[in-house]
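Student: This is the structure I want to talk about, given as structure tokens.
Chains as they are written, first to last, in full-length UniProt numbering: chain A, 1 to 477; chain B, 1 to 213.
Take a look at the structure:
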């Protein structure tokens, strides 16, 4: 996508886009409320999170042993494991498998690794026709846009925008596409033909299970299964850090995944694929390939950011992030948006403009609070900010301001005087309404929301007063 | 080319080993055994049958109590009026299906009928492997009718993966009709897979049923 070059400019454009704002408003309550009610119905949810986190930790500390076993099991079942150091490797391996299979058409289930590697464009350049089958992915393929959410890729599209895309793409004459059901039915009919005729199916994997060489896939639509089982060749594009030792470990992850993602105790379909169709089986592909991407994940594994590899891609952090909720996924200019993307994008691709992303957070901490495997996302963003400052990549102005703050913060008397003067000033200006509509030099804030006016005293003054009252109470008792 | 590929693998594995500092000759069995003891277990599923029924219903399944197996064709017909073509699980083929035209072609059948390998109470889930049921039968039909024998009901996912044939090239956990929320977060049933999922529940715990394989 070619758009504004900075996060701040993209975020500004997003806030001014009424269609996007209406799509985001819908999603905000949808995801958050559904997750909340799923968790309220599950008294053991915190225990489930602890178990899932333990599985992620144990899997990563035994990663080499798990991957050796995974590869052996896939091979024993008649499949093949491929290793891709870079996204370029992944594209080359996948295209090579397709061409050797004599393929022309390719159905695709949702794969974030496929998105990370921009696989569709590469398949097209190689003369193949990729057909996205997940409804959200299909919509953004028609719109020639990247996903804006890792679970709901077309979250930023409204119903009428989707209807326009369908009218443009499907020559089906006059028809009413006003209802959601009409859109879903049309996609079902169009994509059904493609499931039945595709030469190769490419899916992602939510998990890999070492003990049986298995790729596990979680969907609600059933498109992943039709993509995996009907064509002669099934290719799984994923990254090596998805592996867990055994089936019982997989259960621990699945239990928190869909509750955190869509608020379901389990999605409609959870499927486990191990190798090509074996003798005596009813159906399935003749060829089974798993492509494991690195793309700097081995660097993360060896770094202070290892916990980011615990991520199970549920999307809860972005659903609950006040920044994401207001600007959407495209402002992050990465297939991984929101808090998890703000950590992952700089580490996986390291574009110079990615330094902005860890700064796009108020550190309110909701992402960490809802993360099913308790990744300390604000802590990891803080480490990235530190790194940016130490490497002197942040702007001159922000470094000067921080230095000035450091001087003031180390002198308690000066700090008290300045904060109480500021509080009095803002309090006096905003006393009548309780809020400030405009503040000089802060239009970036006040353009979209009011600034609450301080209520006459600084935090330290109020603290001193409260403590004084309490001490008095104790004395009286 | 093969040399190049294997060296990519070796480079990645070497970096992983350097990062995790794993003992080079650690057996995978030892990794599996390092799972923590089952002391902090989740609350037990005390009443698996009711838990299954409750969960399956809230997943959008239609539940039908089947008094005995020969009733199945009549029960299916009454629940799916107007259905003529049926793609049926061969293990159930010996029942009297004279009211239907049976077919092997799953893409022409609007209705599929299958026997579940297991059920999971914890999430109201049905389990299939492609050793016994074609994956395409589960996903291409408009309506999926499933026979669940209560003797095959497991409490949790962990119990289930020990009870089924997990070496099959496909194991499917099915927990409701196909659905999507990709258009404006509105849940719409019938995305790419079955629009209806009917579960015929047969209590065979006192009098076991056997099938001709």
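Beta carbons: idealized from backbone N, C-alpha and C, even for Gly. A quick note: this is a predicted structure, and the numbers were derived from the prediction, not measured.
1. So which of A:463, A:174, A:148, A:86 has the shortest CA-CA distance to residue 478 of chain A?
2. I think residue 153 of chain B touches residue 199 of chain B, with their Cβ atoms under 8 Å apart; what is that distance to the nearest whole Å?
3. When the Cα atoms are used, what is the spatial distance from residue 7 of chain B to residue 102 of chain A?
4. Ignoring anything shorter than 3 residues or poking outside the segment 214–301 of chain A, list the beta strand (DSSP E) runs there in chain order.
5. Step through the CB atoms of chain A and report whether any lies within less than 8 Å of the CB of residue 146 of chain B.
6. Okay, do the segment 242–255 of chain A and the segment 200–220 of chain A touch, 3+ Cβ pairs below 8 Å being the bar?
7. Using CA coordinates, which residue listed in A:309, A:285, A:286, A:281 is at the minimum distance from residue 294 of chain A?
8. For chain D, find out if any of its Cβ atoms is closer than 8 Å to the Cβ of residue 130 of chain B; answer yes or no.
9. My output table needs one value for residue 188 of chain B: the three-state DSSP class, helix, strand or coil.
10. Spell out the partners DSSP gives residue 113 of chain B in its beta bridges.
11. Can a CB atom of chain A be found closer than 8 Å to the CB of residue 151 of chain B?
12. With 8 Å as the threshold, decide whether the Cβ of residue 355 of chain A is near any Cβ in chain B.
13. Decide if residue 110 of chain A is buried, meaning its Cβ has at least 16 other Cβ atoms within 10 Å, or exposed.
14. Would DSSP call residue 128 of chain A helix, strand or coil?
15. If we count the other Cβ atoms within 10 Å of its Cβ and call it buried at 16 or more, is residue 282 of chain A buried or exposed?
16. In this structure, does DSSP put residue 374 of chain A in helix, strand or coil?
17. Strictly under 8 Å for the Cβ-Cβ distance: is residue 83 of chain A near chain B by that measure?
18. If the cut is a Cβ gap below 9 Å, which residues of chain A does residue 42 of chain B touch?
19. Quick one, which residues of the segment 234–255 of chain A are near chain B if we go by CB-CB under 9 Å, in chain order?
20. Here's the rule I'm using: 16 or more other beta-carbon atoms within 10 Å means buried, otherwise exposed. How should residue 144 of chain A be labelled?
21. Would you mind working out which of A:223, A:470, A:206, A:225 sits nearest residue 216 of chain A, comparing C-alpha positions?
22. Given that a residue counts as buried once 16 or more other Cβ atoms are within 10 Å of its Cβ, and exposed if not, what is residue 478 of chain A?
23. Please decide whether residue 93 of chain B counts as near chain A, where near means a Cβ-Cβ distance under 8 Å.
24. Looking only at its own chain, which residues have a Cβ that is under 8 Å from the Cβ of residue 1 of chain A, when we skip the five neighbours before and after it?
25. May I ask you to report which of helix, strand or coil DSSP gives residue 312 of chain A?
26. Between residue 192 of chain B and residue 133 of chain A, is the Cβ-Cβ spacing less than 8 Å?
27. I'd like to know whether the C-beta atoms of residue 150 of chain B and residue 66 of chain B end up nearer to each other than 8 Å.
28. CB-CB under 8 Å to residue 169 of chain B, same chain, minus the five flanking residues each way: which ones, in chain order?
29. Buried or exposed, going by whether 16 or more other CB atoms sit within 10 Å of the CB of residue 322 of chain A?
30. Roughly how many angstroms separate the alpha carbons of residue 477 of chain A and residue 470 of chain A, rounded to a whole number?
31. Check the Cβ-Cβ distances between residue 88 of chain A and every residue of chain B, and say whether any is below 8 Å.
32. Check the Cβ of residue 30 of chain A against every Cβ in chain B and list those closer than 7 Å, keeping chain order.
33. Tell me the DSSP secondary structure of residue 463 of chain A in three-state form.
34. Identify which residue in A:64, A:28, A:20, A:45 has its Cα closest to the Cα of residue 21 of chain B.
35. Could you tell me if residue 171 of chain A is buried or exposed, where buried requires 16 or more neighbouring beta carbons within 10 angstroms of its beta carbon?
36. Please report the distance separating the alpha-carbon of residue 225 of chain A from that of residue 218 of chain A.
Tutor: Taking the coordinates as given:
1. Limits of chain A in this structure are 1 at one end and 477 at the other, which puts residue 478 of chain A out of reach.
2. Counting from 1 along the second chain, the entry for residue 153 of chain B is found at position 153. Counting from 1 along the second chain, the entry for residue 199 of chain B is found at position 199. Wrong, their Cβ atoms sit about 11 Å apart, outside the cutoff.
3. Translated into positions along the second chain, residue 7 of chain B becomes position 7. Translated into positions along the first chain, residue 102 of chain A becomes position 102. Residue 7 of chain B and residue 102 of chain A: Cα-Cα distance of roughly 27 Å.
4. 214–219, 233–239, 269–273, 287–293
5. The residue labelled residue 146 of chain B in the question sits at position 146 within the second chain. Chain A, which has no Cβ nearer than 8 Å to the Cβ of residue 146 of chain B, makes this no.
6. yes
7. Position 294 of the first chain, counted from the start, is the residue given in the question as residue 294 of chain A. Among A:309, A:285, A:286, A:281, the Cα nearest to that of residue 294 of chain A is on A:309.
8. Note that chain D does not occur in the displayed structure, where the protein chains are A and B.
9. The residue given as residue 188 of chain B occupies position 188 in the second chain. It is a strand residue.
10. Within the second chain, numbered from 1, the residue matching residue 113 of chain B stands at position 113. B:88, B:145.
11. Residue 151 of chain B sits at position 151 when you count from the first residue of the second chain. Judged by the 8 Å Cβ criterion, residue 151 of chain B is not in contact with chain A.
12. The residue given as residue 355 of chain A occupies position 355 in the first chain. No, no contact with chain B.
13. Counting from 1 along the first chain, the entry for residue 110 of chain A is found at position 110. Result: buried.
14. Translated into the one-based positions of the first chain, residue 128 of chain A becomes position 128. Coil.
15. Taking the first chain and counting its residues from 1, the one referred to as residue 282 of chain A is at position 282. Buried, because 16 or more other Cβ atoms sit within 10 Å of the Cβ of residue 282 of chain A.
16. Your numbering for residue 374 of chain A matches position 374 in the first chain. The answer is coil: DSSP assigns residue 374 of chain A none of H, G, I, E or B.
17. Working through the first chain from its first residue, we reach residue 83 of chain A at position 83. With 8 Å as the cut-off, residue 83 of chain A counts as an interface residue toward chain B.
18. Taking the second chain and counting its residues from 1, one reaches residue 42 of chain B at position 42. Per Cβ cutoff of 9 Å: 44, 47, 48, 51, 255.
19. 240, 245, 246, 247, 248, 249, 250, 251, 252, 254, 255
20. If you number the first chain from 1, residue 144 of chain A lands on position 144. Classification of residue 144 of chain A: exposed, given that the 10 Å Cβ count is below 16.
21. Residue mapping note: residue 216 of chain A aligns to position 216 of the first chain, counting from 1. For residue 216 of chain A, the nearest C-alpha among the options comes from A:206.
22. There is no way to answer for residue 478 of chain A, as the model of chain A reaches only from 1 to 477.
23. Position 93 of the second chain, counted from the start, is the residue given in the question as residue 93 of chain B. Taking Cβ atoms only, chain A never reaches closer than 8 Å to residue 93 of chain B, which makes this a no.
24. Here residue 1 of chain A refers to the residue found at position 1 of the first chain. Legend: pLDDT at residue 1 of chain A = 46, less than 50; position of this residue unreliable, no value from coordinates given.
25. The residue given as residue 312 of chain A occupies position 312 in the first chain. Residue state, collapsed to three classes: coil.
26. On the second chain, residue 192 of chain B is found 192 positions in, with the first residue counted as 1. On the first chain, residue 133 of chain A is found 133 positions in, with the first residue counted as 1. Against a cut-off of 8 Å, the Cβ pair of residue 133 of chain A and residue 192 of chain B comes out as a contact.
27. To locate residue 150 of chain B, count along the second chain from 1; it is residue 150. To locate residue 66 of chain B, count along the second chain from 1; it is residue 66. Taking 8 Å as the Cβ cut-off, residue 150 of chain B and residue 66 of chain B do not qualify as a contacting pair.
28. Numbered from its first residue, the second chain carries residue 169 of chain B at position 169. Same-chain partners within the cutoff: 130.
29. Mapped onto the first chain, residue 322 of chain A falls at position 322. With fewer than 16 Cβ atoms within 10 Å of its Cβ, residue 322 of chain A is classed as exposed.
30. Within the first chain, residue 477 of chain A is the residue found at index 477, counting from 1. Within the first chain, residue 470 of chain A is the residue found at index 470, counting from 1. Because residue 477 of chain A sits at a pLDDT of 45, beneath the cut-off of 50, its placement in the model cannot be relied upon, and the point is left open.
31. Within the first chain, the letter at position 88 stands for residue 88 of chain A. Not closer than 8 Å to any Cβ of chain B, the Cβ of residue 88 of chain A fails to qualify, so no.
32. Indexing the first chain from 1 puts residue 30 of chain A at position 30. The contacting residues are 185.
33. The residue you call residue 463 of chain A lines up with position 463 of the first chain. Here residue 463 of chain A sits in helix by DSSP.
34. Translated into the one-based positions of the second chain, residue 21 of chain B becomes position 21. For residue 21 of chain B, the nearest C-alpha among the options comes from A:64.
35. One-based indexing of the first chain puts residue 171 of chain A at position 171. Residue 171 of chain A comes out exposed.
36. For the purposes of this step, residue 225 of chain A is taken as residue 225 along the first chain, with counting starting at 1. For the purposes of this step, residue 218 of chain A is taken as residue 218 along the first chain, with counting starting at 1. Roughly 9 Å between the two C-alpha positions.
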